[in-house]
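Asker:
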Amino acid sequence: MIESIRRLLFKETYKKGIDPKDLHFVKRSGGDFSSEGRALFEIFSPRSEDPIWIVKANRSKAGNEKLAAEFERLKKMRKGISEDLRDSLPATLILEERPTGSICIETFLPGTKVSLFFQEGGREMIWRNWHSYGSAAIRWLERYSEVETPFEIHLNPEWFERVALIPLEKLERVWVDAQPEASNLIDRIRATSIDFDIPLKTVPQHGDYTPGNLIAMEGRLGVIDWSPVDLSNPPLMDLFHFLLSSSIYLGRGLAEKPYEVLTDSRFLEGVQTELRAIFLQAGVPVEARIPLFRAAFLKKIEGYLSKPQAVESSVRQWTRLFGDDKAEVIEEAIVSL
């Protein structure tokens with residue numbers, strides 16, 4: 027497979043004056059690639075400290091389809107996005123689809139993952155970083171909404187049942203097995219009250235908009251690891267996932283529990299202006315925030331539990347965010363914005 031990648035990159039290496047034989051491959055993730063496997067590689071030239079390209083490879087039918095969908099989405103977005111944001115996205119270079127497996131090659135975005143700024147430095151520095159990078163990340167979501175084709179949903183009991191309650195029935199047993207505290211959360215989600223029918227304009231979500239997928243570049247943010255378009259994702263899912271995952275990273279840096287970060291006045295106040303702007307842009311009234319928040323949270327749990335090998339440690343971590351009466355306090359804070 028490595029030789030196939032060298033061959034595919036011949037034109038790109040020629041432009042840069044690099045001999046393909048001199049490329050250095052570092053495998054960042056993936057297991058056994060010999061059968062139904064997947065892998066992620068970073069490619070270095072002999073004279074570069076940072077990778078030049080990212081290679082995603084897959085040998086399962088479902089994985090091949092996902093890879094192709096990701097590639098086409100990113101390719102379309104780079105064409106449609108405003109020029110000042112174009113370099114915030116990886117450039118799609120090559121997609122080779124074969125019966126034996128697919129290979130996708132993108133440019134590498136140089137910079138530092140935002141998650142590191144939430145974990146390193148003194149307390150004051152971490153909170154300053156949250157205000158700076160947290161605000162920038164939410165503003166990026168506002169700009170991104172101008173790129174994708176919008177569509178409309180009706181937030182009503184039928185929508186919530188389809189997006190949240192039906193998947194919950196399938197997840198309940200394995201979720202509780204992974205984390206017994208989930209029982210209270212499951213009851214809370216089931217008790218969600220929706221006595222309205224609100225039309226909402228929305229756009230396809232990134233799918234995993236977390237600080238680990240945001241790159242602090244020179245004067246801008248880069249956004250990597252885009253998922254295929256999934257119109258079943260709730261509006262504002264990216265926003266809620268960003269807030270929750272940020273509390274986990276900040277908790278590590280501040281030596282606090284994520285729940286303590288979420289309920290610290292500095293957390294939501296640090297990005298309050300941007301939050302109000304994105305709620306206004308999305309046309310989300312106050313009464314719609316909690317149902318959307320719960321649906322977004324459930325999507326994250328569903329994503330972890332639906333992997334070939336369920337990521338139980340992540341399920342436990344996210345569930346503990348809302349143990350006991352924590353969910354009520356956090357939801358009240360979101361409604362009060």
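When the letters of the sequence shown are read in order and numbered with my numbering, they come out as residues 27 to 363. Backbone N, C-alpha and C define an ideal beta-carbon position, used for all residues, glycine too.
So what does DSSP say about Leu135, is it helix, strand or coil?
Answerer: Locating residue 135 in the sequence shown gives position 109, counting from the first residue. Residue state, collapsed to three classes: coil.
Asker: Assuming Ile152 is part of the alpha helix (DSSP H), what are its boundary residues?
Answerer: Position 126 of the sequence shown holds residue 152. Where Ile152 is concerned, the enclosing alpha helix (DSSP H) stretches over 149-155.
Asker: Using a 10 Å radius around the Cβ and a threshold of 16 neighbouring Cβ atoms, would you call Ala88 buried or exposed?
Answerer: Taking the first residue of the sequence shown as position 1, residue 88 is located at position 62. By the 10 Å Cβ count, Ala88 comes out exposed.
Asker: Confirm, please, whether the CB-CB distance from Leu142 to Thr118 is below 8 angstroms.
Answerer: Mapped onto the sequence shown, residue 118 falls at position 92. Mapped onto the sequence shown, residue 142 falls at position 116. Against a cut-off of 8 angstroms, the Cβ pair of Leu142 and Thr118 comes out as no contact.
Asker: Pick out whichever of Pro206, Glu207, Asp221, Pro260 has its Cα sitting closest to the Cα of His232.
Answerer: Counted from its first residue, the sequence shown places residue 232 at position 206. With distances taken between Cα atoms, His232 lies closest to Pro260.
Asker: In chain order, what residues of the same chain have a beta carbon less than 8 angstroms from the beta carbon of Val202, not counting five sequence neighbours either side?
Answerer: Start at 1 with the first residue of the sequence shown, and residue 202 comes out as number 176. So the list reads Ala208, Ser209, Ile212, once near-sequence residues are dropped.
Asker: What is the residue span of the beta strand (DSSP E) that Gly329 lies within?
Answerer: Along the sequence shown, read from residue 1 onward, the residue named residue 329 stands at position 303. That residue, Gly329, is in no beta strand (DSSP E); its alpha helix (DSSP H) goes 312-331.
Asker: Roughly how many whole angstroms lie between the Cα atoms of Thr236 and Phe268?
Answerer: Position 210 of the sequence shown, counted from the start, is the residue given in the question as residue 236. Position 242 of the sequence shown, counted from the start, is the residue given in the question as residue 268. Approximately 5 angstroms between the Cα atoms of the pair.
Asker: For Ile152, count the other beta carbons within 10 Å of its own beta carbon; 16 or more makes it buried, fewer makes it exposed. Which is it?
Answerer: Indexing the sequence shown from 1 puts residue 152 at position 126. So Ile152 ends up on the buried side.
Asker: Please report the straight-line C-alpha distance between Thr126 and Lys196, rounded to a whole angstrom.
Answerer: As a working note, residue 126 is residue 100 in the sequence shown. As a working note, residue 196 is residue 170 in the sequence shown. Going from the Cα of Thr126 to the Cα of Lys196 covers about 33 angstroms.
Asker: I need the DSSP call for Ala281, collapsed to helix, strand or coil.
Answerer: In the sequence shown, the residue the question calls residue 281 occupies position 255. Residue state, collapsed to three classes: coil.
Asker: Do Ile78 and Phe70 have their C-beta atoms within less than 8 angstroms of each other?
Answerer: Locating residue 78 in the sequence shown gives position 52, counting from the first residue. Locating residue 70 in the sequence shown gives position 44, counting from the first residue. Contact flag set, yes.
Asker: Quick one: complete beta strand (DSSP E) runs, 3+ long, within the stretch 224-277?
Answerer: You should have 224-228, 240-243, 246-249.
Asker: Determine the closest residue to Thr345 out of Lys47, Lys333, Arg54, Glu328, with distance taken between C-alpha atoms.
Answerer: On the sequence shown, position 319 is the one that residue 345 refers to. Taking only the C-alpha atoms, the option nearest Thr345 is Glu328.
Asker: What is the C-beta distance between Ile316 and Glu357, in whole angstroms, given that I count them as a contact (C-beta under 8 angstroms)?
Answerer: Locating residue 316 in the sequence shown gives position 290, where the first residue counts as 1. Locating residue 357 in the sequence shown gives position 331, where the first residue counts as 1. Between Glu357 and Ile316 the Cβ distance is about 5 angstroms, and since that is below 8 angstroms, they are a contact.
Asker: Can you find the residues in the same chain that come closer than 8 angstroms, C-beta to C-beta, to Ala359, ignoring five residues on each side of it along the sequence?
Answerer: Working through the sequence shown from its first residue, we reach residue 359 at position 333. Within the same chain, Ala359 has close Cβ partners Leu288, Thr289, Leu294.
Asker: What whole-angstrom Cβ distance do Leu306 and Ile164 have, given they're in contact under 8 angstroms?
Answerer: Residue numbering aside, residue 306 sits at position 280 when the sequence shown is read from its first letter. Residue numbering aside, residue 164 sits at position 138 when the sequence shown is read from its first letter. Wrong, their Cβ atoms sit about 12 angstroms apart, outside the cutoff.
Asker: Evaluate contact between the stretch 42-52 and the stretch 103-117, counting only Cβ atoms and requiring at least three cross-stretch pairs below 8 angstroms.
Answerer: Contact between the stretch 42-52 and the stretch 103-117 is absent, because fewer than three Cβ pairs lie under 8 angstroms.
Asker: Using a Cβ-Cβ cut-off of 7 angstroms (strictly less than) and excluding sequence neighbours within five positions of Phe134, which residues of its own chain qualify?
Answerer: Indexing the sequence shown from 1 puts residue 134 at position 108. Glu68, Asp76, Pro77, Ile78, Trp79, Ile80, listed in sequence order.
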